[in-house]
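Quick note on our numbering: the sequence shown kicks off at 2 and runs consecutively.
No residue lacks a Cβ here, since even glycine has one placed at the ideal position from N, Cα and C.
Because the structure is a prediction, the values reported are computed rather than measured.
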Amino acid sequence: MNRNIVISACRTVATALLLIIFMASNSCSDWLDVRPKTEEEASVHFSTDDGFKSALAGVYIMLSKPELYGKELTFGMIGMLAQEWGDGDDLYSNSDYNYLRDYNYERTGSKWRIESVWTNMYKAIANINTLLQYTELQGSVLNEYNYGVIRGEALALRAFMHFELFRMFAPHDFSDANALYIPYVVEPEPVVSPQLTANAFFDLALKDIDEALGLLKVDPIHTGADVTGVDNGYLANRNFHLNYYAVLGLKARVALYKGDQQKALSAAREVIGAKEQKGLFPWVNPNDLTTTYINLRDRTFSSEHLFALHIPTLNEYIKGCFREFTKPRTVRIDPNSLYEPDDYRKAIYETYSGASNVLSKFWQMDNEYIAGTGTVKPKRDRMPVIRVSEMYYIEAECLKESDLATAVSVLNKLRSGRGLEPIKGIDSAEKLQEELTREYYREFVGEGQLYFYHKRIGTPNIDKQHANANYVFPMPDLEIDLGKRE
2 MNRNIVISAC RTVATALLLI IFMASNSCSD WLDVRPKTEE EASVHFSTDD
52 GFKSALAGVY IMLSKPELYG KELTFGMIGM LAQEWGDGDD LYSNSDYNYL
102 RDYNYERTGS KWRIESVWTN MYKAIANINT LLQYTELQGS VLNEYNYGVI
152 RGEALALRAF MHFELFRMFA PHDFSDANAL YIPYVVEPEP VVSPQLTANA
202 FFDLALKDID EALGLLKVDP IHTGADVTGV DNGYLANRNF HLNYYAVLGL
252 KARVALYKGD QQKALSAARE VIGAKEQKGL FPWVNPNDLT TTYINLRDRT
302 FSSEHLFALH IPTLNEYIKG CFREFTKPRT VRIDPNSLYE PDDYRKAIYE
352 TYSGASNVLS KFWQMDNEYI AGTGTVKPKR DRMPVIRVSE MYYIEAECLK
402 ESDLATAVSV LNKLRSGRGL EPIKGIDSAE KLQEELTREY YREFVGEGQL
452 YFYHKRIGTP NIDKQHANAN YVFPMPDLEI DLGKRE
């Protein structure tokens, strides 16, 4: 009997019955709407490099949806759990977010959001596993560049998505070596994958990452090859893909979360080396932040993105939050107290609809006409996922106990890129960590990283006002029942 590819693509991880229930009320998106339903049709689909490219693009598009990084895993649900937002109409009119700020995961709105993350992530993982299967079966249709890039990105995406789920659905206390957490799914078939211990999970994630890095050595962002006009520009704009250096950034993030500081330090330093020696991922040009052409301001510091999602519909997702609302959302901590006066990052807070300190990072601006130049497109439609600045924070944190002076100098390199003078008075690892905490607030507002930072360092109560932080999402009820999860 032919394997039903659609079921494989739309599955979570529990059982085919759960998939059928899900499919009854949801349709796959983008390339999945027309993806082949049998092995024979799948073989035809993956008979050209365009078939592989569309499959990979489909996964990036899925991650860009508002249920994931288009909103809920950035400035939406995860931002609420990090206590980032202090005011705004949607915090009062949307009771779901109020319950989330109190870590109430049992309310209908909370459960829906959490279950949607689980389902959509594992659906995307299933798509990646099918793609990976066909790189083995029919990868000969790809040239050397595209085979390495496509399979490498797919492996990295599998590790990235599993790690994101692990950060949400598992505690950050791995003292019980036998405790079971989430599955790491590597097969495209709709079978129940076992829950894993933390060590087994990290072994699989880092294995995928290391294999991806080996394949992505052909990545033009790594080799420096001129790919202008090659393959209709497919290998351009590599920061919209999990490129070689973005995967190194992911490795640094995963290793630090695991507690392997040596591995995290090595990966972070390789990225920093590429920045400082090759000129990749340069610090934002301050003129791009303060230009009088307001529509052209580089609000996300795009030159510094190791990996960002391209989201053409981001303007729709921010409505009701930061734009086109009576009372837009504002941050909990006053930027004037959080940032030093000369910090470039203060430029991403503006006045809107009578409210001051409105985050403008995700404002989507229109083209600007400049006399003598013509129409210029703004740097928009992008959601940062991994930044080069995080590598500096990781290096500093990894060195704080063994070489505090170097750790401070690393942090000062970041400060220089933000228009600031070197920091003084950091004479202990504890003080350095306190400064890093402030940096995570300054740097990643609205991007979803602050919540996971607090989870990793074990902050018991983030804002001293809402309930003690609950850092472990409950598995969906159907997953527990049908998958016989612990």
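Since residue i and residue j should fall inside the 8 Å C-beta cutoff, what is the C-beta to C-beta distance between them, to a whole number of angstroms?
i	j	result
M78	L101	6 Å
N358	Y350	5 Å
V187	N147	Actually they do not touch by this definition, with Cβ atoms about 22 Å apart.
V1	L69	Since the displayed the chain opens at 2 and closes at 487, residue 1 lies outside it and no answer follows.
E391	G250	7 Å
F308	N240	6 Å
G80	G447	6 Å
A160	D209	4 Å
V150	V60	Their Cβ separation, rounded to whole angstroms, is 14 Å, which puts V150 and V60 out of contact at 8 Å.
S48	V142	6 Å
V411	Y393	6 Å
In or out: residue i buried (at least 16 other Cβ within 10 Å) or exposed?
i	result
Q196	buried
S111	buried
P423	exposed
T293	exposed
K401	buried
N144	exposed
Y340	buried
L138	exposed
K66	buried
K252	buried
Q466	exposed
T75	buried
E431	exposed
I395	buried
A265	buried
K1	Nothing about residue 1 can be read from this structure; the chain reaches only from 2 to 487.
Leaving out five residues on either side along the sequence, give the residues of the same chain with a beta carbon under 6 Å from the beta carbon of residue i.
i	result
P461	N469
A157	A213, L243 and V248
E116	P477
L236	P221 and V228
P475	Y106
Y1	Absent from the structure is residue 1, since the part of the chain shown begins at 2 and ends at 487.
D103	H467 and A468
Y353	P329 and V359
Please decide whether residue i counts as near chain B, where near means a Cβ-Cβ distance under 8 Å.
i	result
Y340	No chain B appears in the structure shown, which is made up of a single protein chain.
Mind checking whether residue i and residue j have CB atoms under 8 Å apart?
i	j	result
A348	L290	yes
H242	E165	no
G89	P336	no
R457	H173	yes
L315	Q365	yes
R108	L133	no
L360	V386	no
D91	G375	no
F363	F326	no
Kindly list the residues whose CB is nearer than 7 Å to the CB of residue i, restricted to its own chain and excluding five residues on each side of it in sequence; keep chain order.
i	result
A408	A397, L400, K401 and L433
S304	F282, P283 and V285
In its own chain, which residues sit with a C-beta less than 8 Å from the C-beta of residue i, not counting the 5 before and 5 after it?
i	result
A25	Summary for A25: the model assigns pLDDT 31, below 50, so the residue's position carries little reliability; its value from the coordinates is reported in the next sentence. Nothing listed; no residue qualifies.
At least 3 beta-carbon pairs within less than 8 Å: the stretch 212-230 vs the stretch 163-176: no
Three CB pairs or more closer than 8 Å across the stretch 371-386 and the stretch 294-306: yes
Cβ contact (3+ pairs, closer than 8 Å) linking the stretch 81-88 and the stretch 180-191: With fewer than three CB-CB distances shorter than 8 Å, the stretch 81-88 does not count as touching the stretch 180-191.
Touching by the beta-carbon criterion (3+ pairs, under 8 Å), the stretch 252-264 and the stretch 276-287: Three or more Cβ pairs closer than 8 Å define a contact, and the stretch 252-264 falls short of that threshold against the stretch 276-287.
Segment contact flag, the stretch 416-431 with the stretch 45-57, C-beta cutoff 8 Å, min 3 pairs: no
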